[in-house]
Amino acid sequence: MSYTIVTDICEGFADCVDACPIACIYPGNGKNAKGIETWNWIDFSTCINCGICFQVCPVAGAILPEARPDLQKMTNKVVT
Numbered sequence: 001m002s003y004t005i006v007t008d009i010c011e012g013f014a015d016c017v018d019a020c021p022i023a024c025i026y027p028g029n030g031k032n033a034k035g036i037e038t039w040n041w042i043d044f045s046t047c048i049n050c051g052i053c054f055q056v057c058p059v060a061g062a063i064l065p066e067a068r069p070d071l072q073k074m075t076n077k078v079v080t
């Protein structure tokens, strides 16, 4: 199992990116539902389920301790 960044909630602080010991967190493409251009996502195939991202994220509900591909989109629709 891996962790999930809810891409429509992520605010792109990147604390998770800096803390991840295996560098499995990547920037998304386009704006998310909040209009944020710097949101991130976790590569499920390389996540080791350490939970560090979950511990350091300052945005409530942005990271879940389970794999939820339906909530994590590498490309989101542009908010207009």
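Residue numbers (UniProt numbering): 1 to 80.
Just so you know, even glycine gets a beta-carbon here, dropped at the ideal spot from N, CA and C.
Only a predicted model underlies this, so the values are computations on that prediction, with no experimental measurement involved.
Taking the CB atoms as reference points, tell me whether residue 16 and residue 47 lie closer together than 7 Å.
By 1-based counting over the sequence shown, the position of residue 16 is 16. By 1-based counting over the sequence shown, the position of residue 47 is 47. No. Outside cutoff.
Could you pull out every unbroken beta strand (DSSP E) segment of at least 3 residues lying fully inside the segment 13-69, listed in chain order?
Fully enclosed beta strand (DSSP E) runs of 3 or longer: 25-27 and 40-42.
Output the distance between the C-alpha atoms of residue 5 and residue 72, rounded to the nearest integer angstrom.
Residue numbering aside, residue 5 sits at position 5 when the sequence shown is read from its first letter. Residue numbering aside, residue 72 sits at position 72 when the sequence shown is read from its first letter. Straight-line Cα distance between these residues: approximately 6 Å.
Can you list, in chain order, the residues of its chain with a C-beta nearer than 6 Å to that of residue 61? Leave out the 5 residues immediately preceding and following it.
Position 61 of the sequence shown holds residue 61. Same-chain partners within the cutoff: 9.
Using three-state DSSP, classify residue 7 as helix, strand or coil.
Position 7 of the sequence shown, counted from the first residue, corresponds to residue 7. Coil.
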